[in-house]
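First residue of the sequence shown: 1, per my numbering; consecutive thereafter. Cβ coordinates follow ideal geometry from the N, Cα and C atoms, glycine included. These numbers come from a predicted model, not from an experiment.
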Amino acid sequence: MPAPSERTNKTADRTLHLLRLVAESGVTRFADLEARTGLPKATLHELLGSLLGGQWVTRDDASGRFEVGPACFEVGAAFAGLMSTRRVVGAVLDDLVARFDETCNLGLLQGADILYLDRRVTGQPMAYAPPVGRRLPAHSTALGKILLAELGSAELDARLPSPLPKVTRHTITSRRRLATELSAARAHGFAADSQESTLGVGCIAVRVPHDRLPLALSMAAPVLRLGPDALSARVPELRSAARDIGLRLAATEWATGTTVAEGIAAPNA
């Protein structure tokens, strides 16, 4: 008897294959799917039931035909939004790294986390940046702090977990100390972290102007190479790059009539 994980993987593979067949066919009937998959009727009914329940496919009651559902559109829009965003901001990140030879990141606040959307990594020794798609607790990152600083105390209390998780031994876990840091970020227009999400790495971040999405831009470097004062001296250039990203996003949205990055934002972002 196959292990539970093997049965789960087999079911997942069949479900995804079935979804692809529906997408490729445009609209199709149960009998067509049965013929193309070779699956028993009961299995096919079960898989289609799961896809229908998640709105991955829909069924027209009159004709009995299946077609892709709104969930597919949402995922496709999210992917398109992410790719468009990365194309728009990529040149700005490239320019920053070329000028300062330090790692730069673009992040989005989602719930209590920062989602890393894009990055450019320096070729210098000891360079590190979280991979694209990684999530980190927002309070442990400069990206997260500058965006959390825009929230009211009630929303912060609702959004952040208690206790605050510790990523490294330097991570701020005191809400009172975090409130002080966020107040300073609001006053100065940038946030910093010193080894709070990655040991040996310091970071500064500024807000990227955008009407709908909480985006931020950061520059990171090993603390042995650039201390807090040296990193903070880069804030004016980082602000200029963030404004450039905001303008590029706005121009692309205006030219295409679409919201470039809206698809990547979660409902609680």
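With distance defined between alpha-carbon atoms, name the residue in the options nearest to residue i.
{"i": "A275", "options": "G152, T43, A185, D32", "result": "This structure cannot speak to residue 275, because the chain is shown only from 1 to 269."}
{"i": "R119", "options": "D101, V235, S63, H139", "result": "D101"}
{"i": "A62", "options": "R29, L48, G38, G54", "result": "R29"}
{"i": "W56", "options": "V22, T37, H45, D32", "result": "V22"}
{"i": "G123", "options": "T103, T141, T15, G90", "result": "T103"}
{"i": "D229", "options": "R212, I204, H210", "result": "I204"}
{"i": "R186", "options": "P236, L226, K145", "result": "K145"}
Does residue i come out as helix, strand or coil in the three-state DSSP assignment?
{"i": "V223", "result": "coil"}
{"i": "E102", "result": "coil"}
{"i": "R14", "result": "helix"}
{"i": "S183", "result": "helix"}
{"i": "K145", "result": "helix"}
{"i": "F66", "result": "strand"}
{"i": "A218", "result": "It should be noted that the sequence gives Ser, not Ala, for residue 218. Strand, per DSSP."}
{"i": "L164", "result": "coil"}
{"i": "G152", "result": "coil"}
{"i": "A138", "result": "helix"}
{"i": "L115", "result": "strand"}
{"i": "I245", "result": "helix"}
{"i": "R212", "result": "coil"}
Looking only at its chain, what residues have a beta carbon closer than 6 angstroms to the beta carbon of residue i, apart from the 5 residues adjacent to it on each side?
{"i": "H17", "result": "none"}
{"i": "L115", "result": "L108, R135"}
{"i": "F66", "result": "V22, T28, V57, R59"}
Only counting the same chain, and skipping five residues up and downstream in sequence, which positions put a Cβ closer than 7 angstroms to that of residue i?
{"i": "K41", "result": "E34"}
{"i": "V88", "result": "R248, L249, T252, V260"}
{"i": "V208", "result": "L215, A216, L217, A242, I245, G246"}
{"i": "L156", "result": "L148"}
{"i": "K166", "result": "T173"}
Under a Cβ-count criterion, where at least 16 other Cβ atoms within 10 Å of its own Cβ denotes burial, should residue i be classed as buried or exposed?
{"i": "A242", "result": "buried"}
{"i": "L51", "result": "buried"}
{"i": "T198", "result": "buried"}
{"i": "D94", "result": "exposed"}
{"i": "P137", "result": "buried"}
{"i": "T171", "result": "buried"}
{"i": "A192", "result": "buried"}
Report whether the distance from the Cβ of residue i to the nearest heavy atom of the ligand COA is below 6 angstroms.
{"i": "S183", "result": "For the ligand COA, the structure offers nothing, since it holds no ligand at all."}
Taking 8 angstroms as the limit between beta carbons, can you name the residues of its chain near residue i, skipping five residues before and five after?
{"i": "V273", "result": "With the chain covering 1 to 269 only, the question about residue 273 has no answer from this structure."}
{"i": "R239", "result": "G189, F190, V206"}
Could you say if the stretch 142 to 151 and the stretch 170 to 190 meet the contact criterion of at least three C-beta pairs nearer than 8 angstroms? yes
Is it a yes or a no for the stretch 102 to 118 touching the stretch 63 to 73, going by three-plus beta-carbon pairs under 8 angstroms? no
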